[in-house]
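Our numbering applies: residue 983 is where the sequence shown begins, and numbers increase by one.
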Amino acid sequence: MAEPALPARRAVSVRLRGGTVGGEISYLRTGSGSPLVLIHGVGMNATIWQPQIAALAARFDVIAMDMPGHGGSLLPPAGATLDDYSDAVIGLLDGLGILQAALVGHSMGALVATHTALCHPSRVLRLVAMNAVFRRPPELRRAVQARAAELEERGFAASIAPTLARWFGDPVPPALEGVSALAGDALRAVDVEGYRRTYLLFATSDEALAPTLPTLSVPALFITGEHDANSSPAMSQEMARLAPGARAEVVPGVRHMMALTHPDHITARLMAFLSAGTGASHLQLVRAGS
């Protein structure tokens, strides 16, 4: 069955770097209820949340944003920091007149969402960090830094096929061809400089949250896939251990793009956490399809 049509993109004006950098953040908005902001990963855009938006909109005021450098949003400044991306989130909330919202971020979006919750706790109701990176072991750090160097040397186009193979398999299984095509379309549409600046930050920010995670004061879920080697279960487990009152879940049998490959199951997990009270910190294995 076809996914419901997405709402039209809109935009609000934001200021980054203490007001010295200005532009627009574009977003999709639908539904009613408590505000919920969805933040995608590097190379994607707000439309990648299409499998989740309609279901979540039945209970929430869903706002899927294009992070800086992606979709219709402003280019991040040179030498971008996580502060620039969290400023964009807060600028979006301010522009929409929203005092508080829950945040759900995937991959780079998980870093942005978590950083925003740490820096602006009064603005964040609940946090879901999906497939987050944290304290990469040396071999993974070398691999991501090699991809960043290759991006500089060979250009963005050369990275698309290896990225899709890492996310969905090589060859892509027939059942995943549709979602692989969706992700490929997003990669091919991204602003190349926006992607470059964001990926370089992503490649070097896996330690950035470590000093402040113990101060996290909002209910948080760190969730990843059993077979996500680059955003591993150990990473989500360690983040949940450090963050007071947080919980971690590992979904067996899935990889990095689990919101696309197992949309119903992941949406159900999001809905359950976003709608529930605060739970005790723990690591939970959740059987996909159960």
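No residue lacks a Cβ here, since even glycine has one placed at the ideal position from N, Cα and C.
Go ahead and pull the three-state DSSP assignment for Met1112. In the three-state reduction of the DSSP assignment, Met1112 falls in the strand class, which pools E and B.
Quick one: give me the first and last residue of the alpha helix (DSSP H) that Phe1150 is part of. Start and end: Ile1142 to Phe1150.
Determine the closest residue to Arg1118 out of Ala1216, Thr1096, Arg1178 and Val1172, with distance taken between C-alpha atoms. The candidate whose alpha carbon is nearest that of Arg1118 is Ala1216.
List in chain order: all unbroken alpha helix (DSSP H) runs of 4+ residues lying wholly within the segment 1003–1048. The segment 1003–1048 contains these whole alpha helix (DSSP H) runs: 1032–1039.
Could you pull out every residue in the same chain whose Cβ sits closer than 6 Å to the Cβ of Ser1089, ignoring the five residues on either side in sequence? Excluding the 5 residues flanking it on each side, Ser1089 has same chain C-beta neighbours closer than 6 Å at Gly1023 and Asn1113, in chain order.
Alpha carbon to alpha carbon, how far is Val1110 from Val1154? The alpha-carbon atoms of Val1110 and Val1154 are separated by roughly 28 Å.
Buried or exposed for Gly1004, going by 16 or more other Cβ atoms inside 10 Å? Gly1004 counts as exposed, since fewer than 16 other C-beta atoms from the protein chains shown sit within 10 angstroms of its C-beta.
Entirely within the segment 1207–1233 and at least 4 residues each: give me those alpha helix (DSSP H) ranges in chain order. Runs of alpha helix (DSSP H) with 4 or more residues, each lying fully within the segment 1207–1233, are found at 1215–1224, listed in chain order.
Could you give the distance in angstroms between the alpha-carbon of Arg992 and the alpha-carbon of Ile1035? Near 16 Å, if we compare the C-alpha coordinates of Ile1035 and Arg992.
Helix, strand or coil for Gly1271? Go by DSSP, reduced to three states. Note that Gly1271 has pLDDT 38, beneath the 50 cutoff, so the model's placement of it is unreliable and no number is given.
Under 8 Å, with one C-beta from each stretch per pair, do the segment 1194–1212 and the segment 1129–1137 reach the 3-pair mark? The segment 1129–1137 and the segment 1194–1212 do not touch, with fewer than three beta-carbon pairs separated by less than 8 Å.
Under three-state DSSP, which class holds His1244? If DSSP states are grouped into helix, strand and coil, His1244 belongs with coil.
Would you say Leu1064 and Val1094 are within 8 Å of each other, going by their C-beta atoms? Result yes, Cβ atoms of Leu1064 and Val1094 sit closer than 8 Å.
In the DSSP assignment, the alpha helix (DSSP H) including Val1161 goes from what residue to what residue? Residues Glu1159 to Ala1171.
Candidates Thr1002, Ser1014 and Ala1039, of which the one nearest Thr1249 by Cα: Per the Cα distances, Ala1039.
Met1026 vs Ala1168 beta-carbon contact at 8 Å: The answer is yes: Cβ separation under 8 Å.
For a quick check, are the C-beta atoms of Ala1083 and Leu998 less than 8 Å apart? No; because the gap between Cβ atoms is not below 8 Å, this pair is not in contact.
Determine the contact status of Arg1105 and Leu1075, defining contact as a CB-CB distance below 8 Å. Cβ distance < 8 Å, so Arg1105 and Leu1075 count as in contact.
Would you kindly work out how many angstroms separate the C-alpha atoms of Cys1101 and Pro1156, rounded to a whole number? Rounded to whole angstroms, Cys1101 and Pro1156 show a C-alpha spacing of 42 Å.
Cα-Cα separation between Thr1243 and Ile1030, rounded to whole angstroms: The alpha-carbon atoms of Thr1243 and Ile1030 are separated by roughly 12 Å.
What does the alpha-carbon distance come out to for the pair Gly1013 and Ile1080? Rounded to whole angstroms, Gly1013 to Ile1080 spans 15 Å at the Cα level.
Arg1123, DSSP secondary structure in three states: It is helical.
On a Cα-Cα basis, can you pick out the residue from Ser1016, Ala1070, Leu1010 and Arg1124 that is closest to Thr1186? Closest in alpha carbon position to Thr1186, among Ser1016, Ala1070, Leu1010 and Arg1124, is Arg1124.
Taking the beta carbon of Gly1051 as the centre, do at least 16 other beta carbons fall within 10 Å, making it buried, or is it exposed? So Gly1051 counts as buried.
Count the other CB atoms, across all protein chains shown, that sit within 10 Å of the CB of Arg1179; report buried if there are 16 or more and exposed otherwise. Burial is judged here by how many other beta carbons sit within 10 angstroms of a residue's own beta carbon; Arg1179 has at least 16 and is buried.
State yes or no: is the C-beta of Ser1213 within less than 8 Å of the C-beta of His1247? One thing to note: Ser1213 has its Cβ no nearer than 8 Å to the Cβ of His1247.
For the beta strand (DSSP E) that Gly1087 lies in, which residues bound it at each end? Where Gly1087 is concerned, the enclosing beta strand (DSSP E) stretches over Ala1083 to His1088.
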